[in-house]
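Structure, as structure tokens:
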Amino acid sequence: MYRLSIKCTRNALSSVTLTKFSVRCLATTTSVDGVLFPTKSDFPSRHIGPRKTDVVSMLDTLGYKSLGELTEKAVPKPIQLQRDLNLDKPLNEHELIVRIRNIAKKNQIWRSYIGMGYHNCHVPHTILRNIFENPGWTTQYTPYQPEIAQGRLESLLNYQTLVSEMTGLDVANASLLDEGTAAAEAMCLCTRHNKRKKIFLSNKIHPQTLSVVKTRAEALELEVEVGSIESADLTSREISGILLQYPDTYGDVKDFESIAETARKNGTLVVVATDLLALTMLRPPAEFGADIAVGTSQRLGVPLGYGGPHAGFFACKQNLVRLMPGRMIGVTRDMDGNDAYRLALQTREQHIRRDKATSNICTAQALLANMSAMYAIYHGPEGLKAIANRIHHFTLALQAGLKGAGHTVNNKHFFDTLHVTLGADMTVEELKGRAELKQINFRYFPDGSVGVALDETVGPKDLDDLLWVFKGKTLEQVLATNDILGTSIEKTPFYRTSSYLTHPIFNAYHSESRMVRYMKKLENKDISLVHSMIPLGSCTMKLNATTEMMPCSFRHFTDIHPFAPVEQAQGYHQMFKELEDDLCEITGYDKISFQPNSGAQGEYAGLRAIRSYHEQRNEGHRNICLIPISAHGTNPASAQMAGMKVEPIRILSDGSIDMAHLKDKAAEHANNLSCLMITYPSTMGVFESTVADICSLIHKYGGQVYLDGANMNAQVGLCRPGDYGSDVSHLNLHKTFCIPHGGGGPGMGPIGVKAHLAPFLPGHPVISPSDNEATSFGVVSAAPFGSSAILPISWSYIKLMGSRGLKRATQVAILNANYMSKRLEQHYKTLYKDPQNGLVAHEFILDIRDLKKSANIEAVDIAKRLMDYGFHAPTMSWPVAGTLMIEPTESEDKEELDRFCDALISIREEIAQIENGTMDKQVNPLKMAPHTQSQVISDNWNRPYSREMAAFPAIFIKPESKIWPTVGRIDDAYGDKHLVCTCPPILPDL
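Just so you know, we're using our numbering here: the sequence shown kicks off at 105 and counts up by one.
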């Protein structure tokens, strides 16, 4: 026997005993794989920025010996998780792709002619590659700093112009989540406009839209009437708005002009849910009296993706613009008088108006809106009309073939969808059997009738297969014996005669060379994570790894209709189950709903579940929601939307919740207390030691605890909300779990709940996401599982990181924030720290307010000056006015952290020159920032500081890598006074 002792630094291998017959390992594993052939996932070291030596150096700066010691001090002892998370052994990147491909292939790709607002389409490859799969487009944040966001702002303005011109309405916003939520927002706008409390919904709108609107109306105590719009009494002045579908869910195109006229005479608004592609042929809603148009732009170049992400749209008349929900891009000017773009009417944002907000603004799908805008630019008006004509003509041929086969087509006028009553010699069961042989999905109505909706991908072979399924003749035979164009929409009063998409932007980029150059030109105007860190507090702009993103383009994930039979989506449902199990283990909750497709939707869904829980216990009177002012900014708006009354709770000077005030308010509202909404760690950037006591206090008075998951990146692996008293949280998968922000969406905000709230999770009228339809509070999103197609990102992140990788990521996020706070402490004051240990959580707030007095410098000036240093600003003036909130995330390495700190320190030195009189208080590099290339090279440089100081203020800013803002400082006041939200009538730079 030979004995060999080996000291190892990895894999916990401590000793090996060798004999003639055996090999024995005293280690964490005894399998041959991993001992003789060690493998490891090195992904955590690629995701986490600081190298091990950097971590040691940063810890030394803070006075700690290990990450464990640091986070044990930072996280309150009573809530710390005293074990590793029970997650699968991490995969390496190649193993993960093999695994996710095998899961994806369990999805069956059938030809789906279900319709209901979802249609297959051809995504132009140049858009797929250059936008959907391009981190230069996917990793930006919402364009709150417009000078370095002109590219996506221009693209979103193109989207608004597309929607406005197709619907015929005056203005459109920069997208909403989906058609259902857009319709719900529209009906709420109606009630805000005329102060009435009743809405009328046509019984021919899509069922998912009907359910979303009814759910939203119930919380706001609106009376809802559903019925035939033709027989509705619209002379009543009690109705705030009516909702119509055009074409309707059966495919019918109806004349609503007289209905709209009656509504208008009685002060009732008309909302029309419509189809942008159909509107290339159909008379636009504005022409028959619509006040608002909503819908989804999915079929304009965005994959089905089992329900999302897709961009909803919202357009309205000019007189309603200041009530319009969501984000809107406007045209303004910069300090030099040049045209520029920016977010308009930002005073509506919920973090400013809180519970008085008109809606919750986390409701955009910017990346998908940009894809649809580019699709319209790629095809142009003639190309779009050609696609629509082709679809319509195929539908006409199908109609003729179905009639010839003895079936009844119930539509008189239609665009792409037929409602079919089967002939006497064919049963639904037989039809289903024949459709199954061809792997075709239809929509099956309860009365035995069938819906067939065609799309851009349909060709002659598909028509032959469809006709065969219905026992009809071949397409060639149908065309030989029928004049299919005789019933075309082109021969009816519904045909569109007005022009659309006449702006040069939609008529200039039809060669791929120009198209690619245009997309690249816009991309180059924006700062994204491919350039530098984006240190936005509360937004968690971390790495979106390529391996995580790749499955989003897999055909077996993109080409599935959200209402396809569940047995055809087994890959999706396996992924849902695995991701749910992992998230429950990470959070301590018992059940997850993936339906909410934004953080705001998650807040709303969680609050609605709480309300249903109280109602089931005969305590429906509980409607008071306590919200500390340190909670996340969307919370008050969500509470208002859920029908709750908000009671704010004060905070102390150290940023912690005022426990005395909380106890007083909880006792005062004991009988009516519904819940507390708390953000943890708080938005002030601290772990509050009293969080478990706070949860216990609320439970004592019969309330529930909603913990906002925005700051989950400081908790994963260290503590679990479900363990220390929270009943429900939404999880921002676009923050902690690596889904990219996409310039303002997509996002995902699934909610985790404890078991007692599980029966009340969202349901769905078409595909049930769970077995709780009888007790569900309702529906929050149009698709049963929200934006399913981006869930592989979070699934992949967790599988790649594993338990230890996730915990280390959290620890390094906390390390990075504390390191930066420490480096900056001689130059800026960190507003809130833990009073016991002087630490922050994963983000921190710099107090800039004193600089207003000493140098006339505000947070906005520092934000703009950072652009000259190549950085996006931190979160500005929120949650405290006059401050900057910084969140570095774990993905940023020490070199990048130091570079950002060096930039802030250099800016502080510039401010010192203003304070000591060396530089003017009005004309200085901060007040005049950002500096554009055209300004710096101008012959008219007359500023009292050098061009070099303006454009190259630090040694790390090199000419070869300089990021130039494309416009000077934006004039917001001018934009609000001169509101222009469509493409200006100027020829684009070709």
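Note that the Cβ used here is the ideal one computed from N, Cα and C, for glycine as well.
#1: Along the chain, where does the alpha helix (DSSP H) containing residue 680 start, and where does it finish?
#2: Does the distance from the C-beta atom of residue 796 to that of residue 829 stay below 7 Å?
#3: Inspect the beta-carbon positions of residue 411 and residue 283 and report whether they are closer than 7 Å.
#4: With DSSP collapsed to three states, give me the class of residue 325.
#5: Does the beta-carbon distance from residue 847 to residue 254 come in below 7 Å?
#6: On the CB-based measure, 16 or more other CB atoms within 10 Å of its CB, does residue 148 come out buried or exposed?
#7: Please report the distance separating the alpha-carbon of residue 1005 from that of residue 926.
#8: Applying the criterion that 16 or more other CB atoms from any shown protein chain within 10 Å of the CB defines a buried residue, is residue 154 buried or exposed?
#9: Do the segment 764-780 and the segment 939-947 meet, that is, are 3 or more Cβ pairs less than 8 Å apart?
#10: Can you confirm whether the segment 801-821 touches the segment 746-756 when touching is taken to mean that 3 or more C-beta pairs between the two stretches lie within less than 8 Å?
#11: Is it the case that the CB of residue 777 approaches a heavy atom of the ligand PLP more closely than 6 Å?
#12: Ignore the nearest five residues each way along the sequence and tell me which others in residue 656's own chain have a CB closer than 7 Å to its CB.
#13: So the alpha helix (DSSP H) residue 639 belongs to, where does it begin and stop?
#14: For the alpha helix (DSSP H) that residue 1037 lies in, which residues bound it at each end?
#15: Less than 6 Å between C-beta atoms, sequence neighbours within five positions excluded: which residues of the same chain meet that for residue 888?
#16: State the DSSP-derived secondary structure class of residue 751, mapped to helix, strand or coil.
#17: Enumerate, from N- to C-terminal direction, the unbroken alpha helix (DSSP H) stretches of 4 or more residues contained entirely within the segment 347-383.
#18: When burial is assigned at 16 or more other CB atoms within 10 Å of the CB, is residue 972 buried or exposed?
#19: Out of 200, 267, 1049 and 327, state which residue places its alpha-carbon closest to the alpha-carbon of residue 294.
#20: Assuming residue 163 and residue 169 make a contact with CB atoms under 8 Å, what is their CB distance in whole Å?
#21: Quick test of your reading: residue 966 and residue 952, contact by CB under 8 Å. State the CB separation rounded to the nearest angstrom.
#22: From 532, 834, 562 and 537, pick the residue whose C-alpha is nearest to that of residue 491; which is it?
#23: Around the Cβ of residue 599, are there at least 16 other Cβ atoms within 10 angstroms (buried) or fewer (exposed)?
#24: Taking C-beta to C-beta, are residue 679 and residue 213 nearer than 7 Å?
#25: Considering only DSSP beta bridges, list what residue 262 is partnered with.
#26: Going along the chain, which unbroken runs of the alpha helix (DSSP H) with 4 or more residues stay wholly within the segment 599-671?
#27: By DSSP's criteria, residue 729 is part of a beta bridge. Which residues make up the other side?
#28: What are the boundary residues of the beta strand (DSSP E) that residue 302 is part of?
#29: Would you tell me roughly how many angstroms separate the C-alpha atoms of residue 1024 and residue 1048, rounded to the nearest one?
#30: How about residue 706 and residue 834: are their beta carbons less than 7 Å apart?
#31: Closest to residue 146 by CA distance: which of 158, 211, 171 and 197 is it?
#32: Quick one: grab the DSSP three-state call for residue 276.
#33: Nearest to residue 472 by alpha carbon, out of 945, 403 and 1032?
#34: Can you give the Cα-Cα distance for residue 334 and residue 603, rounded to whole angstroms?
#35: Just to check my reading of the structure: residue 890 and residue 700 have Cβ atoms closer than 8 Å, yes? What is that Cβ distance to the nearest angstrom?
#36: So, with DSSP's three-state summary, where would you put residue 920?
Quick answer:
#1: Against the sequence shown, residue 680 aligns to sequence position 576. Unbroken alpha helix (DSSP H) run through residue 680: 674-691.
#2: As a working mapping, residue 796 is identified with position 692 in the sequence shown. As a working mapping, residue 829 is identified with position 725 in the sequence shown. Against a cut-off of 7 Å, the Cβ pair of residue 829 and residue 796 comes out as a contact.
#3: As a first step, residue 411 must be located in the sequence shown, where it is residue number 307. As a first step, residue 283 must be located in the sequence shown, where it is residue number 179. Taking 7 Å as the Cβ cut-off, residue 411 and residue 283 do not qualify as a contacting pair.
#4: For this step, residue 325 is matched to residue 221 along the sequence shown. Residue state, collapsed to three classes: coil.
#5: Within the sequence shown, numbered from 1, the residue matching residue 847 stands at position 743. Within the sequence shown, numbered from 1, the residue matching residue 254 stands at position 150. No, Cβ-Cβ distance for residue 847 and residue 254 is not below 7 Å.
#6: In the sequence shown, counting from the first residue as 1, residue 148 sits at position 44. With at least 16 other beta carbons inside 10 angstroms of its own, residue 148 counts as buried.
#7: Taking the sequence shown and counting its residues from 1, the one referred to as residue 1005 is at position 901. Taking the sequence shown and counting its residues from 1, the one referred to as residue 926 is at position 822. Straight across, the Cα-Cα distance linking residue 1005 with residue 926 is about 10 Å.
#8: Within the sequence shown, numbered from 1, the residue matching residue 154 stands at position 50. That one is buried.
#9: The segment 764-780, when compared against the segment 939-947, does not touch it at the 8 Å Cβ threshold.
#10: Not touching, per the Cβ criterion.
#11: Among the components modelled here there is no ligand, and therefore nothing to report on the ligand PLP.
#12: For the purposes of this step, residue 656 is identified with residue 552 of the sequence shown, where counting begins at 1. Around residue 656: 893, 894, 896 and 897.
#13: Residue numbering aside, residue 639 sits at position 535 when the sequence shown is read from its first letter. For residue 639, there is no enclosing alpha helix (DSSP H), as DSSP marks it with neither H nor E.
#14: For the purposes of this step, residue 1037 is identified with residue 933 of the sequence shown, where counting begins at 1. Its alpha helix (DSSP H) spans residues 1037-1040.
#15: Residue mapping note: residue 888 aligns to position 784 of the sequence shown, counting from 1. So the qualifying residues of the chain are 868, 871 and 873.
#16: Along the sequence shown, one-based indexing puts residue 751 at 647. The answer is strand: DSSP assigns residue 751 an E or B state.
#17: The qualifying runs are 361-369.
#18: Numbered from its first residue, the sequence shown carries residue 972 at position 868. Classification of residue 972: buried, given that the 10 Å Cβ count is 16 or more.
#19: Locating residue 294 in the sequence shown gives position 190, where the first residue counts as 1. Each of 200, 267, 1049 and 327 was checked against the Cα of residue 294, and the nearest Cα belongs to 327.
#20: Reading the sequence shown from its first residue, position 59 is the one you call residue 163. Reading the sequence shown from its first residue, position 65 is the one you call residue 169. Confirmed, about 7 Å.
#21: Working through the sequence shown from its first residue, we reach residue 966 at position 862. Working through the sequence shown from its first residue, we reach residue 952 at position 848. With 8 Å as the limit, residue 966 and residue 952 qualify as a contact, their Cβ atoms being about 6 Å apart.
#22: Here residue 491 refers to the residue found at position 387 of the sequence shown. When only C-alpha atoms are compared, the closest one is 562.
#23: Within the sequence shown, residue 599 is the residue found at index 495, counting from 1. It counts as exposed.
#24: As a first step, residue 679 must be located in the sequence shown, where it is residue number 575. As a first step, residue 213 must be located in the sequence shown, where it is residue number 109. No, the pair does not count as a contact, with Cβ atoms beyond the cut-off.
#25: What you label residue 262 is simply residue 158 of the sequence shown in a count that begins at 1. Its beta-bridge partners do not exist; DSSP assigns none.
#26: Those alpha helix (DSSP H) runs which fall completely within the segment 599-671 and span 4+ residues are 616-627, 650-653 and 659-662.
#27: Reading the sequence shown from its first residue, position 625 is the one you call residue 729. Partner(s): 750 and 779.
#28: Indexing the sequence shown from 1 puts residue 302 at position 198. Run containing residue 302: 302-306, per the beta strand (DSSP E) assignment.
#29: Taking the sequence shown and counting its residues from 1, the one referred to as residue 1024 is at position 920. Taking the sequence shown and counting its residues from 1, the one referred to as residue 1048 is at position 944. CA-CA distance, residue 1024 to residue 1048, rounds to 8 Å.
#30: Numbered from 1 along the sequence shown, position 602 holds the residue referred to as residue 706. Numbered from 1 along the sequence shown, position 730 holds the residue referred to as residue 834. Result yes, Cβ atoms of residue 706 and residue 834 sit closer than 7 Å.
#31: Locating residue 146 in the sequence shown gives position 42, counting from the first residue. The residue with the shortest Cα to Cα distance from residue 146 is 197.
#32: Within the sequence shown, the letter at position 172 stands for residue 276. In this structure, residue 276 counts as strand in the three-state DSSP scheme.
#33: On the sequence shown, position 368 is the one that residue 472 refers to. Measuring from the Cα of residue 472, the nearest candidate turns out to be 403.
#34: The count along the sequence shown starts at 1 and reaches residue 334 at position 230. The count along the sequence shown starts at 1 and reaches residue 603 at position 499. Roughly 30 Å separates the two Cα atoms.
#35: Working through the sequence shown from its first residue, we reach residue 890 at position 786. Working through the sequence shown from its first residue, we reach residue 700 at position 596. Contact flag correct, Cβ pair sits at about 6 Å.
#36: What you label residue 920 is simply residue 816 of the sequence shown in a count that begins at 1. Residue state, collapsed to three classes: helix.
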